[in-house]
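S.K.: Converting from the sequence shown to the working numbering requires adding 86 to each position, the first position being numbered 1. Even for Gly, the Cβ is constructed at its ideal location relative to N, Cα and C.
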Amino acid sequence: MKRIRISLLGKVVIAIAAGILFGQFLPSGIARIFVTFNSLFGEFLSFSIPLIIVGLVVPAIGDLGKGAGKLLLLTVLIAYGSTIFSGFFTFFSGAAIFPGILPTHAELTALDNPENAMLIPYFKVAMPPLMGVMTALILSFVVGLGLSHIQGQTLHGAFADFKEIITKLIEAVIIPLLPLHIFGIFLNMTVSGQVASIINMFIKVIAVIFVLHVLLLLIQFTIAGLVAHKNPLRLLRTMLPAYATALGTQSSAATIPVTLAQAVKNGVRENIAIFTVPLCATIHLAGSTMKIVACAMAILIMAGSPIEFSSFAGFILMLGITMVAAPGVPGGAIMAALGVLESMLGFDDTLQALMIALYIAMDSFGTACNVTGDGAIAIVVDKLAGKPSK
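1) With a threshold of 7 Å on Cβ separation, who are the neighbours of Ser-114 within its own chain once the five nearest residues in sequence on each side are excluded?
2) Spell out a yes or no on whether the stretch 393-402 and the stretch 170-184 are touching, meaning 3 or more CB-CB pairs, one atom from each, closer than 8 Å.
3) Suppose you measure from the CA of Val-363 to the CA of Glu-428; what does that come to, to the nearest Å?
4) Are Ile-393 and Leu-386 touching if we call contact CB-CB under 9 Å?
5) Residue range of the alpha helix (DSSP H) that Asn-274 falls in?
6) Go to Gly-432, then tell me how far its alpha helix (DSSP H) extends in each direction, as first and last residue.
7) Restricting to runs no shorter than 4 residues, where is the alpha helix (DSSP H) found entirely within the stretch 229-257?
8) Could you give the first and the last residue of the continuous alpha helix (DSSP H) run that contains Val-379?
9) For a test of the three-state rule: what should DSSP assign to Asn-357, helix, strand or coil?
10) Using 8 Å as the cut-off, can you tell me whether the stretch 247-255 makes contact with the stretch 428-440, which would need three or more C-beta pairs spanning the two stretches below that distance?
11) Output needed for Ile-271: all residues of its chain with C-beta closer than 6 Å, excluding positions within five of it in sequence on either side, in chain order.
12) Take the Cβ of Phe-307 as the centre, count every other Cβ of all protein chains shown within 10 Å, and call the residue buried at 16 or more, exposed below.
13) From Leu-107 to Thr-341, what does the alpha carbon distance come to, in whole angstroms?
14) Rounded to the nearest angstrom, what separates Asn-124 and Ala-222 at their Cα positions?
15) Please classify Tyr-166: does DSSP put it in a helix, a strand, or coil?
16) Between which residues of its own chain and Phe-120 is the CB-CB distance below 6 Å, once the five residues before and five after are set aside?
17) With three or more C-beta pairs closer than 8 Å as the rule, is the stretch 364-373 touching the stretch 455-472?
18) Relative to the C-alpha of Leu-131, which residue among Ile-100, Ile-261, Pro-207, Val-229 is closest?
19) Quick one: what does DSSP say Phe-209 is sitting in, helix, strand or coil?
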C-alpha cells in the first residue's frame with residue numbers, strides 16, 4: 087500500500103487535537119512523561135537557537151553580498167522596505183484590533199513554572215547554549231558581511247558545510263519532534279484549564295491575519311501600479327496563479343517558475359524578472375513577517391504582557407534582516423525568528439511553542455503573500471532600473 091504522507095500543518099493540527107483530547111482523561115503520571123519531554127526539548131531548542139542563527143544567517147548574508155551593481159542594491163532596499171513596512175503595518179493594526187478581541191491570561195506563562203503548573207517534569211537537564219542570542223546575531227552579521235568582501239573560499243566552504251549541518255538538524259530532529267512538543271504543551275494547557283481560550287485566540291488571530299495580508303497585497307500592488315502607471319488590480323490578478331501555487335506547495339522556491347512567468351506577463355522585462363524573482367524569494371518575506379509580528383502580539387496580550395512600540399520597533403527591524411536566512415529550510419522563518427523572539431520580546435519555551443503552532447497553522451498564506459508581493463517588487467524594479475516595461 088502507498089504510504090500516506092501528512093504535511094507539517096496536518097501533524098500540528100493532529101497534535102493540538104490529541105493534546106486537547108488526551109488532556110481530558112490521561113492520568114497525570116503518564117501526562118508528566120510528555121511534560122518531561124517538553125522540558126528536555128525546550129532546553130535543546132534553546133541550545134540550538136544560536137547555532138541556527140549562525141548557521142543560516144552567515145551564509146545568507148555572505149552569498150547576498152556576492153552580487154554586484156545598482157540592480158542588486160535597488161532590489162534589496164525595496165524588498166527590505168516592503169518587509170519592514172509589513173511589520174509596522176501589522177503592529178499598528180494589531181494594536182488597534184487585538185486588545186478588543188483577545189482576553190488577557192497572565193497565568194499563561196505559569197506552564198513553565200513548577201510552582202504554579204498543574205503538571206511538572208519528572209526531571210530537568212540543563213543545556214546551556216554556547217553563546218547568547220544577541221551575540222549570535224552580531225557574530226552572524228560581522229562574519230557574513232566579512233565573507234561577502236573577501237576572496238578566499240576556505241571560510242565560505244566551512245560555513246556552507248555548517249549550514250548543511252544546521253539544515254539537517256532542523257529537518258531531521260527539530261521539525262519531526264515539533265508535533266510531539268506541541269502535543270505536550272496543549273496536553274498541559276488542557277489539564278490546567280487554559281486550552282479553550284488559546285483555541286479561541288488561534289481562530290481570531292488567523293482571521294485577522296488573513297484580512298491584513300489581503301490588504302498588504304493591495305497596498306503593494308497599488309504602489310507598483312502607481313510607479314508603472316498600470317492598473318494595480320489587473321497586476322494583482324495576473325499574479326494570482328503564483329499565489330495559488332504557493333498555497334499548494336508552501337514553498338517560495340518551488341513557486342519561482344510560476345512567479346517568474348506571471349511577472350513577465352505583467353510587463354516586466356525577462357532579464358529583470360530572472361534577476362529579481364529568485365532574489366526576492368530569498369530576501370522578501372513580508373507575509374512571514376506579518377504572521378510573526380501578529381502572532382507575537384496576540385500571544386503577549388494573552389500572557390498579560392504589555393505591547394510596547396519601542397520593543398516591537400527594534401524587533402521588526404531585526405526580524406527583517408533575520409528573515410533572509412529563512413527560505414529553503416522547512417519552518418525556517420519561525421526557526422530563525424525564535425532567537426529574536428527570545429532575546430527582544432522575552433518569549434520562554436511555552437510561548438515559543440504556541441508561536442510555532444500558530445505560525446505553522448498559517449504557513450501557506452504567508453508563503454503565498456511573500457511570492458505574490460515578489461511580483462510587485464519586480465514591477466517597481468523594472469520601472470526604476472531604466473527602460474520602461476513594454
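M.R.: Taking the definition as stated:
1) Numbered from 1 along the sequence shown, position 28 holds the residue referred to as residue 114. Result list for Ser-114: Leu-205, in chain order.
2) Yes, the stretch 393-402 touches the stretch 170-184.
3) The residue given as residue 363 occupies position 277 in the sequence shown. The residue given as residue 428 occupies position 342 in the sequence shown. One C-alpha to the other measures close to 32 Å.
4) Indexing the sequence shown from 1 puts residue 393 at position 307. Indexing the sequence shown from 1 puts residue 386 at position 300. In contact: Ile-393 and Leu-386 (Cβ atoms closer than 9 Å).
5) Against the sequence shown, residue 274 aligns to sequence position 188. First-last of the alpha helix (DSSP H) with Asn-274: 261-277.
6) For the purposes of this step, residue 432 is taken as residue 346 along the sequence shown, with counting starting at 1. Segment: none, Gly-432 is in no alpha helix (DSSP H) and carries neither H nor E.
7) 240-255
8) In the sequence shown, counting from the first residue as 1, residue 379 sits at position 293. Start and end: 372-388.
9) The residue you call residue 357 lines up with position 271 of the sequence shown. Asn-357 falls in the helix class under three-state DSSP.
10) no
11) In the sequence shown, the residue the question calls residue 271 occupies position 185. Only Ala-439 meet the Cβ criterion.
12) Translated into positions along the sequence shown, residue 307 becomes position 221. Flag for Phe-307 reads buried.
13) Your numbering for residue 107 matches position 21 in the sequence shown. Your numbering for residue 341 matches position 255 in the sequence shown. Each residue's Cα considered, the two are about 37 Å apart.
14) Residue 124 sits at position 38 when you count from the first residue of the sequence shown. Residue 222 sits at position 136 when you count from the first residue of the sequence shown. Their backbone Cα atoms lie some 24 Å apart in a straight line.
15) Mapped onto the sequence shown, residue 166 falls at position 80. Helix.
16) For the purposes of this step, residue 120 is taken as the residue at position 34 of the sequence shown. Result list for Phe-120: Gly-270, Leu-273, in chain order.
17) With a cut-off of 8 Å, the stretch 364-373 and the stretch 455-472 count as touching, because enough Cβ pairs lie within range.
18) Against the sequence shown, residue 131 aligns to sequence position 45. The residue with the shortest Cα to Cα distance from Leu-131 is Ile-261.
19) Residue mapping note: residue 209 aligns to position 123 of the sequence shown, counting from 1. Coil, per DSSP.
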